[in-house]
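Visitor:
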Amino acid sequence: MGSTLLGKVWDLHTVRRLPTGQAQLLVGLHLVHEVTSPQAFDMLRLRGQGVAFPDRTFATVDHIVPTDGQPRPFADDLAEQMMAALERNCREFGIPLFGLGSGDQGIVHVIGPELGLTQPGMTIACGDSHTSTHGAFGAVAFGIGTSQVRDVLASQCLAMDPLKVRRITVGGALGPGVYAKDVILAIIRALGVQGGVGFAYEYAGPVVERMTMDERMTLCNMSIEGGARAGYVNPDDTTLAYLKGRRFAPEGGAFDRAAAWWRSIASDPDAAYDDEVRVDGDGLRPMVTWGTNPGQSAGVDERVPGPADSADGERAAVAGALAYMGLEAGAPIAGTKVDVAFIGSCTNGRLSDLQEAARVVRGRKIAAHVRGLVVPGSTRVRDAAEREGLHEVFREAGFEWRQAGCSMCLAMNPDRLEGRELCASSSNRNFKGRQGSPTGRTLLMSPAMVAAAAVAGEVIDVRCMLPQREGS
Amino acid sequence: MTIAGRAVVLRGEDIDTDRIMPARFLRAVSFDGLEAHVFEDDRRAGAAAGVRHPFDDPARAGASVLLVNRNFGCGSSREHAPQALARWGVKAIVGESFAEIFFSNATALGVPCVSVAPEAAAALMALAERDPAATVTVDLETMAVRGGPLEAVCAMPEAARNAFLAGTWDATALLTAGFDEVRAAAARLPYIAGFPPAPI
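In the order they appear, the protein sequences are chains A and B.
Residue numbering for the first sequence follows this note's numbering, beginning at 1 and increasing consecutively.
Residue numbering for the second sequence follows this note's numbering, beginning at 1001 and increasing consecutively.
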């Protein structure tokens, strides 16, 4: 019987078995940002400890950065304090910081891959739940809290319980206008927001094999929304082609040796899985959330479900979600009026996301009542988009073209919803109040669907707005 | 290890960490004072609607056992959420189930999260709502939760339970002991070694 990628990587990184029974797991790459690290650095200082492997640790700033101009000090004094603390901590402990103005700054889960820091076979930890994103490369990557950030800084290790592996095989092919975001929303809808607790999700099958790295990152990113702390895709030619030539990727002969090792850590054909799930890719359509967790979604051509359509244990939650959202059971989700359109985040803030959204808005204007925001996931994504003229496409349509950061995904910077505004959002969480207003509302969807909603002023099926691809 | 105290009941499935601690309060370089903002948006919304939130109920002041439902603490990895609960006074959490990162974070702070069957959670909640003075006891030796006439079996991953019983929930000391082994494990990893050519 063969092994899964998770099993192989786990064994390679296990230092020893702890007295508690957990594995002491070596962390190959530790990514740090300004929100969940200052207290960890303070605890190190208090205990007189240093950073064990500063050369395996990299930092950037993403959550609190303003995206409409970034002169220092920041207008928000609290944000400035956090930024200054990160700069001080990185200096004191010898950690490289990809700061503002460096050309490398961006959302931690966007820059790790684009710099080639994220590689197959690694264990990766970061004080952010969307660390699962890096699993797209065949890394075992998970989010941790601040006490664990302290542990990793001090020891480069984590105390971990083993994870089970559920293989999710997506068969068939996605139709036009259906994206990785729709696949993961459909998976979470089917398996539930708690369905992945205790599991890593291995995404496989023809649809996943055909996906670009950007798409695989979207898929793995939202594993945590399904309760799975980690998600991954086995490394293949697509992975290797992406990594070749990246700044921190091996070069020359070392790349070839790396490639051989990367391939060797993929799940064996006869690997045993703790669970298997199949998803029909042919049947998927653009998805939209209607509720207050990412499992509460529907196809864009479906109706909003009601308590009566739900299982016994779900009825109160469904009724509560609809009351908060102001949506009516039985009404079509298409046609729901939107106030704000947000394109960005670690889920969907990469170049291909902006390209797909731009295909929809090119030559169109967003509805007069809609406030539209495009926030590239990194400085590098922003620069690449500008080289293609995408910023002009968005600006001419009426979107604001911003600088890189997490922005309105969680609204720790000044980008926020006001009052009960309803936002069509390419981000990852539709929790109550998530986008900065305690009564604000979020509909999660793909970047192309957000672009379509911005133009129409309401939720609309993007498939009726996409231009025909050349040659199709 | 046994934790006994009055209980505060927080009903609802899939309570995410944005609910427990809205992101705007994460704009800080320490965890100090977070307890004042725990469930702030729900408390304000409740007050505006004339419904008192359990964390605003004077009868719950000083409570140390939090009773919750399913998938408590899902979403963001922010340790600010369990930090705020712990600083408010919560010493143990009893629920149907917990999200994984929240569970790890709470464990690292010395706050055990134990799971009970849905019927047991419902009975404990009913008891605590009926009688704010009732003592709820979480016993990690016998893995039981007791309250009034109720006694329910509870569960927790074995490693976390061992850590609580041994007093080693703060893992740093365990992980930094024997650092030579860590260095040796790192040196064996081809990507840390720089993918050297195979020895001839």
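No residue lacks a Cβ here, since even glycine has one placed at the ideal position from N, Cα and C.
1) In chain A, which residues lie with their C-beta within 9 Å of the C-beta of residue 1187 (chain B)?
2) Would you tell me roughly how many angstroms separate the C-alpha atoms of residue 184 (chain A) and residue 228 (chain A), rounded to the nearest one?
3) Determine the burial state of residue 1180 (chain B): buried for a count of at least 16 other Cβ atoms within 10 Å of its Cβ, exposed for fewer.
4) Starting from the beta carbon of residue 1074 (chain B), find every residue of chain A whose beta carbon is closer than 8 Å, and list them in chain order.
5) Please decide whether residue 1026 (chain B) counts as near chain A, where near means a Cβ-Cβ distance under 8 Å.
6) Specify the secondary structure class of residue 1174 (chain B) as computed by DSSP and reduced to three states.
7) Taking the CB atoms as reference points, tell me whether residue 20 (chain A) and residue 1162 (chain B) lie closer together than 8 Å.
8) Mind reading off the beta-carbon distance from residue 1144 (chain B) to residue 1124 (chain B)? Whole number of angstroms is fine, and I expect it under 8 Å.
9) Please report whether the beta-carbon of residue 383 (chain A) lies at a distance below 8 Å from any beta-carbon of chain B.
10) Mind listing which residues of the segment 1028 to 1047 of chain B have their C-beta closer than 9 Å to chain A's C-betas, in chain order?
11) Please tell me whether residue 471 (chain A) has its Cβ less than 8 Å away from any Cβ of chain B.
12) Return the bridge partner residues of residue 24 (chain A) from the DSSP annotation.
13) Return helix, strand or coil for residue 472 (chain A), following the three-state DSSP convention.
14) From which residue to which residue does the beta strand (DSSP E) around residue 287 (chain A) run?
15) From residue 365 (chain A) to residue 357 (chain A), what does the alpha carbon distance come to, in whole angstroms?
16) List the residues that DSSP assigns as beta-bridge partners of residue 166 (chain A).
17) Taking only beta carbons into account, state which residues of the segment 1172 to 1184 of chain B come closer than 8 Å to chain A, listed in chain order.
18) May I ask you to report which of helix, strand or coil DSSP gives residue 1169 (chain B)?
19) What are the residues of the segment 1080 to 1112 of chain B that lie near chain E, defined by any Cβ-Cβ distance shorter than 7 Å?
20) On the DSSP letters alone, give me the boundaries of the alpha helix (DSSP H) that residue 108 (chain A) sits inside.
21) Where residue 1057 (chain B) and residue 438 (chain A) are concerned, what is the direct C-alpha to C-alpha distance, given to the nearest angstrom?
22) Does any C-beta atom of chain B lie closer than 8 Å to the C-beta of residue 129 (chain A)?
23) What does the alpha-carbon distance come out to for the pair residue 84 (chain A) and residue 65 (chain A)?
24) Taking the beta carbon of residue 1 (chain A) as the centre, do at least 16 other beta carbons fall within 10 Å, making it buried, or is it exposed?
25) Determine whether the Cβ of residue 1137 (chain B) lies closer than 8 Å to any Cβ atom of chain A.
26) Using the DSSP secondary-structure output, state which residues sit across from residue 280 (chain A) in a beta bridge.
27) Does DSSP put residue 1016 (chain B) in a helix, a strand or coil?
28) Confirm, please, whether the CB-CB distance from residue 32 (chain A) to residue 95 (chain A) is below 8 Å.
29) Out of A:380, A:310, A:344, state which residue places its alpha-carbon closest to the alpha-carbon of residue 330 (chain A).
30) Using a C-beta to C-beta distance shorter than 7 Å, which residues of chain B count as neighbours of residue 411 (chain A)?
31) Just by C-beta distance, which residues in the segment 331 to 345 of chain A are closer than 9 Å to chain B?
32) Return the first residue and the last residue of the beta strand (DSSP E) that residue 400 (chain A) is part of.
33) When DSSP labels each residue in this structure, what does residue 268 (chain A) get in the three-state scheme?
34) Run through DSSP, which three-state label would residue 1151 (chain B) get?
35) Can you find a CB in chain B that lies within less than 8 Å of the CB of residue 474 (chain A)?
36) Taking the beta strand (DSSP E) that residue 324 (chain A) belongs to, which residues open and close that run?
Guide: So, from the listed chains and residues:
1) Contact of residue 1187 (chain B) with chain A by beta-carbon distance below 9 Å is absent, the smallest such distance being about 11 Å.
2) The C-alpha of residue 184 (chain A) lies about 12 Å from the C-alpha of residue 228 (chain A).
3) Taking every protein chain shown into account, the CB of residue 1180 (chain B) has fewer than 16 other CB atoms within 10 angstroms, so this residue is exposed.
4) Per Cβ cutoff of 8 Å: 193, 194, 227, 293.
5) Interface flag for residue 1026 (chain B) against chain A is set, since a Cβ pair is found closer than 8 Å.
6) Look at residue 1174 (chain B) here: in three-state DSSP terms it is helix.
7) For the pair residue 20 (chain A) and residue 1162 (chain B), the CB atoms are nearer than the 8 Å cut-off.
8) With a beta-carbon spacing of about 12 Å, residue 1144 (chain B) and residue 1124 (chain B) fall beyond the 8 Å limit used to define contacts.
9) Not closer than 8 Å to any Cβ of chain B, the Cβ of residue 383 (chain A) fails to qualify, so no.
10) Close to chain A, meaning a Cβ-Cβ distance shorter than 9 Å, are the following residues of the segment 1028 to 1047 of chain B: 1028, 1029, 1030, 1031, 1040, 1041, 1042, 1044, 1045.
11) At residue 471 (chain A), the pLDDT of 46 sits below 50, so the modelled position is not reliable; the number obtained from the coordinates is stated separately. So, not an interface residue.
12) Answer is A:16, A:159, bridged to residue 24 (chain A).
13) In this prediction, residue 472 (chain A) scores a pLDDT of 44, lower than 50, which makes its location untrustworthy; the coordinate-derived value is nonetheless stated afterwards. In this structure, residue 472 (chain A) counts as coil in the three-state DSSP scheme.
14) Element bounds for residue 287 (chain A): 287 to 289.
15) Rounded to the nearest whole angstrom, the C-alpha separation of residue 365 (chain A) and residue 357 (chain A) is 13 Å.
16) Residue pairing by DSSP places residue 166 (chain A) opposite A:201, A:275 in a beta bridge.
17) Residues of the segment 1172 to 1184 of chain B with a C-beta atom less than 8 Å from some C-beta of chain A are 1172, 1174, 1175, 1176, 1178, 1179, 1181, 1182, listed in chain order.
18) Residue 1169 (chain B): coil per DSSP, three-state reduction.
19) In the structure shown, chain E cannot be found, because the protein chains are A and B.
20) Segment 108 to 114, the alpha helix (DSSP H) holding residue 108 (chain A).
21) Rounded to whole angstroms, residue 1057 (chain B) to residue 438 (chain A) spans 21 Å at the Cα level.
22) Yes, residue 129 (chain A) lies at the interface with chain B (some Cβ there is under 8 Å from its Cβ).
23) In a straight line, the C-alpha of residue 84 (chain A) is about 12 Å away from that of residue 65 (chain A).
24) The residue is exposed, with fewer than 16 neighbouring Cβ atoms inside 10 Å.
25) Answer no: the Cβ-Cβ gap between residue 1137 (chain B) and chain A never drops below 8 Å.
26) Secondary-structure assignment with DSSP links residue 280 (chain A) through a beta bridge to A:171.
27) Assigned with DSSP and collapsed to three states, residue 1016 (chain B) falls in strand.
28) Yes, the Cβ-Cβ distance between residue 95 (chain A) and residue 32 (chain A) is below 8 Å.
29) Check the Cα spacing between residue 330 (chain A) and each of A:380, A:310, A:344: the tightest is with A:310.
30) Going along chain B in sequence order, the residues near residue 411 (chain A) (Cβ under 7 Å) are 1023.
31) Flagged: no residues at all.
32) Judged by DSSP secondary structure, residue 400 (chain A) falls within the beta strand (DSSP E) whose first and last residues are 399 to 401.
33) Of the three classes helix, strand and coil, the one that applies to residue 268 (chain A) here is coil, per DSSP.
34) In the structure shown, residue 1151 (chain B) falls within a strand segment according to DSSP collapsed to helix, strand and coil.
35) Past the boundaries of the shown model lies residue 474 (chain A); chain A is included only from 1 to 472, so the question cannot be answered.
36) It is not in any beta strand (DSSP E) - residue 324 (chain A) instead sits in the alpha helix (DSSP H) that spans 315 to 325.
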